[in-house]
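Beneath this line is the structure, given in structure tokens, with notes to follow.
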Amino acid sequence: MAGRHRLDPYDERVLAFCRERHLATLTTPRPDGTPHVVPVGLTYDAAAGLARVITSGGSAKARYVAAAGPAGVPVAACHLDGRWWLTVEGRAVLRTDPEAVAEAERRYAERYRQPRPNPERVVIEITVTRLLGSLPPAESA
Numbered sequence: 001m002a003g004r005h006r007l008d009p010y011d012e013r014v015l016a017f018c019r020e021r022h023l024a025t026l027t028t029p030r031p032d033g034t035p036h037v038v039p040v041g042l043t044y045d046a047a048a049g050l051a052r053v054i055t056s057g058g059s060a061k062a063r064y065v066a067a068a069g070p071a072g073v074p075v076a077a078c079h080l081d082g083r084w085w086l087t088v089e090g091r092a093v094l095r096t097d098p099e100a101v102a103e104a105e106r107r108y109a110e111r112y113r114q115p116r117p118n119p120e121r122v123v124i125e126i127t128v129t130r131l132l133g134s135l136p137p138a139e140s141a
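At position 26 of the sequence shown (counting the first as 1) the number is 26 in UniProt numbering, and the numbers step up by one without a gap.
What follows is the structure in structure tokens.
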């Protein structure tokens with residue numbers, strides 16, 4: 001059954017799951033190639049094909065993504081809620097411009113809560129290349 005967990009970016013189950021409050025893990029490669037896995041709040045923008053993580057510029061995850069330069073680095077983020085899960089795969093870049101940070105903060109506040117003030121905040125912006133998961137059935141109208 002190859003591919004049975006592949007999901008469409010606009011699947012209503014994906015959009016619904018990404019509106020709910022679920023924390024995720026973000027996996028980035030360390031310089032030695034080993035995985036660095038940390039809990040994060042992640043937002044998903046299907047129209048733009050992006051997932052976003054806000055963090056402090058000095059965090060390990062931000063440093064690992066920044067080290068890749070403008071080409072970015074492959075990453076994965078996984079939400080888990082009991083037996084339901086959603087993995088976002090893609091290429092991440094670090095955004096520091098105020099507009100990108102403000103947009104990511106706005107989306108974070110919609111899904112989670114207003115983020116605390118952080119003058120060192122940056123955005124890990126993931127261009128989504130694949131969505132995998134096992135999600136609850138869509139609600140009937």
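Backbone N, C-alpha and C fix where the C-beta goes; we use that ideal spot for every residue, glycine too.
- The closest CA to that of Gly41, considering only Arg95, Arg91, Val73 and Leu80, is found on Leu80.
- In the three-state reduction of the DSSP assignment, Leu23 falls in the coil class.
- Of Glu120, Val73, Arg111 and Gly90, the smallest CA-CA separation from Phe17 is found for Arg111.
- DSSP places Glu139 outside both helix and strand once states are collapsed to three, so it counts as coil.
- Under the criterion of beta carbons closer than 8 Å, Trp85 and Gly133 qualify as touching, at roughly 5 Å.
- In the assembly as shown, Glu105 is a buried residue. Its beta-carbon has 16 or more other beta-carbons within 10 Å.
- Counted as a single uninterrupted DSSP element, the stretch harbouring Glu99 is not any beta strand (DSSP E) but the alpha helix (DSSP H) occupying residues Pro98 to Arg111.
- When C-alpha distances from Pro70 are compared across Thr129, Leu131, Leu94 and Pro98, the shortest belongs to Leu94.
- DSSP places Ala62 outside any beta strand (DSSP E); the residue lies instead in the alpha helix (DSSP H), whose first and last residues are Ala60 to Ala67.
- Nearest to Pro117 by alpha-carbon distance, out of Ala60, Val38, Pro39 and Ser56, is Ser56.
- Under DSSP, Ala47 shares a beta bridge with no residue.
- One Cα belongs to Glu12, the other to Ala47, and the distance between them is close to 13 Å.
- Separation of Glu125 and Val53 (C-alpha to C-alpha, rounded to the nearest whole angstrom) is 7 Å.
- Nearest to Val75 by C-alpha distance, out of Tyr108, Arg30, Glu103 and Ser59, is Arg30.
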